[in-house]
Amino acid sequence: MMNIRFLGASRQVTGSKFLLETDDRLLLVDCGLYQERALLHRNWDRFPVPPGDIEAVLLTHAHLDHCGYIPRLAADGFKGRILATAPTVELARIILLDSAHIQEEDAAFKKKRHAKEGRTGPHPEIPLYTIADAEESLPLFEPVAYGKRIAVGRRTSVTFHDAGHILGSAMIEVEAGEGSDVRRILFSGDIGRYDNPLVRDPARHIGTDYLVMESTYGDREHDDEAPVDEILARIIGETAGRGGKVVVPVFAMERAQELLYILGILRRAGRIPNIPVFLDSPMAVEVTQVFTRYPSYMDEEAGKILRSGHRLFEFPGLRPTPTAADSKAINAVAGPAVILAGSGMVTGGRIKHHLKQTIGRPETTVLFVGFQAQGTLGRTILDGAQEVRILGETLPVRARIVRIGGFSAHAGKNELLRWLRGFERRPRRLFLCHGEEGASLSLAEELKKDGWKTVVPRYGDEFELT
693 MMNIRFLGAS
703 RQVTGSKFLL
713 ETDDRLLLVD
723 CGLYQERALL
733 HRNWDRFPVP
743 PGDIEAVLLT
753 HAHLDHCGYI
763 PRLAADGFKG
773 RILATAPTVE
783 LARIILLDSA
793 HIQEEDAAFK
803 KKRHAKEGRT
813 GPHPEIPLYT
823 IADAEESLPL
833 FEPVAYGKRI
843 AVGRRTSVTF
853 HDAGHILGSA
863 MIEVEAGEGS
873 DVRRILFSGD
883 IGRYDNPLVR
893 DPARHIGTDY
903 LVMESTYGDR
913 EHDDEAPVDE
923 ILARIIGETA
933 GRGGKVVVPV
943 FAMERAQELL
953 YILGILRRAG
963 RIPNIPVFLD
973 SPMAVEVTQV
983 FTRYPSYMDE
993 EAGKILRSGH
1003 RLFEFPGLRP
1013 TPTAADSKAI
1023 NAVAGPAVIL
1033 AGSGMVTGGR
1043 IKHHLKQTIG
1053 RPETTVLFVG
1063 FQAQGTLGRT
1073 ILDGAQEVRI
1083 LGETLPVRAR
1093 IVRIGGFSAH
1103 AGKNELLRWL
1113 RGFERRPRRL
1123 FLCHGEEGAS
1133 LSLAEELKKD
1143 GWKTVVPRYG
1153 DEFELT
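Numbering of the sequence shown is given in the working numbering, commencing with residue 693 and proceeding in unit increments.
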């Protein structure tokens, strides 16, 4: 017996949670936070089953929309194992402690602002979980290796495979039953791109009975007109020529490291002006240190450079800003600069403070290098809003808004199809998740024409996998 229930990332992108019941275990694949504004209330809803009944959380990777709910689940009674690759264990610790810190800060800020305005707010006035909650969840993590079969029950086992998305990301195969009754289900996690300069290509699979696959870019390609290094060099050069700053909302994991890697190449080759590059994300600095400890998980070329003792992520002019005072001091820097700051979807963090200072200036370029989910401030800006509300203040958008799609760590439509064509035996059913409704439905229709049995589940849908 195998039963799956979709508790997130269903006809939308964030909040990945898949509850899988076998005949002897209850497992949760991913445990992510919702980040779309209209769905934030789900983070506060009572979990559909008692968390203490869950045997294990199987974590595909350490992005917040896949792991960010773990401290709340643990605080509400989950005491089982959290299985993840070794890099994911380290990265999740950084992400969860940072998330707890931001939530405590944001709750205090909103409570103060509401008191000043003479009104009260609902849940956001208190943190979803605290730093203490996050710390108490960390001992539950257990590192696992790619390709090693791990028992999580008498008749249930799991195997992790490289997803090629970010450092340590995994596709997770669950096998339940015995003999002719064995059933296999594969969770793709987020599928990475081919020929990524830092991580390996997504693993190929022969077959599975059921497949749960992401569809973030199920209806489109990364349509940049030139290589990302050329576009980045041009944007920085043009903005510096206007005397402006390039402000980049950046994900602290993978995207920040890939940007540093390419910026270093451009700087050393003299292809961008000699202007300061601020890495205004203590978390990105810490994540970068994790990258340097795991060369064996990286693409062969990058791993070889690291093993030789050279530094992938450092170059002249790079200025990390570890403290809040260092971050605020960036505002006093006259002239051109590049500012990399989190969060990647502008849902919190230092990027909001930089945008508050610069988004109304026509010489500024706001550069998006990652996916922006519906309902996030980043998506609102990218979609062409004339004014936005940042930190309680409504501001005009006069900056130049630009997007580079080629930096995405998500497979584009053709790369998803390429990965699927690697299956020698098609699954009995393919569930498309982790995509906005239009993207998932578009990919489903195309696959159905090719004979795939596809389903696009809704939130709360449950399926018996016979």
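Backbone N, C-alpha and C fix where the C-beta goes; we use that ideal spot for every residue, glycine too.
Identified DSSP bridge partners for residue i
i, result
"Arg1113", "BP columns for Arg1113 are empty, so no partner."
"Thr900", "Paired residue(s): none; Thr900 is not in a bridge."
"Met945", "Bridge partners of Met945: none, in fact."
"Phe1060", "Arg1095"
"Ala868", "Thr848 and Arg875"
"His843", "It is worth fixing the name first, because residue 843 is Ala in this sequence and not His. Answer by DSSP bridge pairing, in chain order: Ser849."
"Asp854", "Ala862"
"Pro1088", "Glu1079"
"Asn695", "Glu713 and Glu1156"
"Val836", "Thr777"
"Leu718", "Glu713"
"Glu992", "Looking at the DSSP assignment, Glu992 forms no beta bridge with any residue, so it has no partner."
CA-to-CA distance, residue j to residue i, given in whole angstroms
i, j, result
"Asp921", "Phe1155", "45 Å"
"Val1030", "Val940", "8 Å"
"Ser671", "Thr1015", "Outside the shown range of the chain, which is 693 to 1158, sits residue 671, and nothing can be said about it."
"Ile696", "Ala961", "52 Å"
"Gly1027", "Gly899", "56 Å"
"Ile786", "Thr980", "11 Å"
"Ala748", "Arg847", "14 Å"
"Leu765", "Phe1063", "26 Å"
"Leu890", "Lys996", "11 Å"
"Ala824", "Pro919", "44 Å"
"Ala784", "Thr1039", "18 Å"
"Asp737", "Glu728", "15 Å"
"Leu756", "Arg963", "34 Å"
"Arg1090", "Gly724", "34 Å"
"His897", "Glu1116", "8 Å"
"Ile1073", "Pro835", "38 Å"
"Arg999", "Val977", "20 Å"
"Arg1042", "Ser1035", "7 Å"
"Met1037", "Val1061", "10 Å"
Three-state secondary structure assigned by DSSP to residue i
i, result
"Ala766", "helix"
"Lys1161", "Residue 1161 cannot be examined here, being either before or after the span of the chain that is shown, 693 to 1158."
"Ser791", "helix"
"Val781", "helix"
"Cys1125", "strand"
"Ala1033", "strand"
"Thr980", "helix"
"Asp972", "strand"
"Leu1135", "helix"
"Glu809", "helix"
"Lys1105", "helix"
"Ile997", "helix"
"Arg1042", "coil"
"Gly712", "Position check: residue 712 holds Leu in this sequence, whereas Gly was assumed. Note: Leu712 maps to strand in three-state DSSP."
"Leu731", "helix"
"Ile1073", "helix"
"Ala918", "coil"
"Glu930", "helix"
"Thr1013", "coil"
"Glu827", "helix"
"Lys937", "strand"
"Glu817", "helix"
"Gly754", "It is worth fixing the name first, because residue 754 is Ala in this sequence and not Gly. Ala754: coil per DSSP, three-state reduction."
"Leu890", "coil"
"Thr1050", "helix"
"Ala1021", "helix"
"Glu1055", "coil"
"Ala925", "helix"
"Glu797", "helix"
"Glu950", "helix"
Integer Cβ distance of residue i from residue j, believed to fall under 8 Å
i, j, result
"Ser1132", "His914", "Contact flag wrong, Cβ pair sits at about 18 Å."
"Glu946", "Ile858", "4 Å"
"Pro942", "Leu1032", "The displayed chain sequence assigns Val, not Pro, to residue 942. That pair is a contact at about 5 Å."
"Pro1119", "Tyr902", "5 Å"
"Ala855", "Pro894", "6 Å"
"Ile1082", "Leu1047", "6 Å"
Evaluate the contact criterion for the stretch 931-947 versus the stretch 901-915: three or more CB pairs, one atom per stretch, below 8 Å. no
I'd like to know if the stretch 817-824 and the stretch 703-723 are in contact, where contact means that at least 3 CB-CB pairs between them fall below 8 Å. no
Within 8 Å, do at least three Cβ pairs link the stretch 861-876 to the stretch 1104-1112? no
Report yes or no: do three or more beta-carbon pairs, one from the stretch 764-778 and one from the stretch 845-862, lie closer than 8 Å? yes
Touch check for the stretch 1065-1079 and the stretch 1102-1109: three-plus C-beta pairs under 8 Å? no
Touch check for the stretch 737-755 and the stretch 803-813: three-plus C-beta pairs under 8 Å? no
Can you confirm whether the stretch 1117-1137 touches the stretch 702-715 when touching is taken to mean that 3 or more C-beta pairs between the two stretches lie within less than 8 Å? yes
Do the stretch 996-1012 and the stretch 941-957 meet, that is, are 3 or more Cβ pairs less than 8 Å apart? yes
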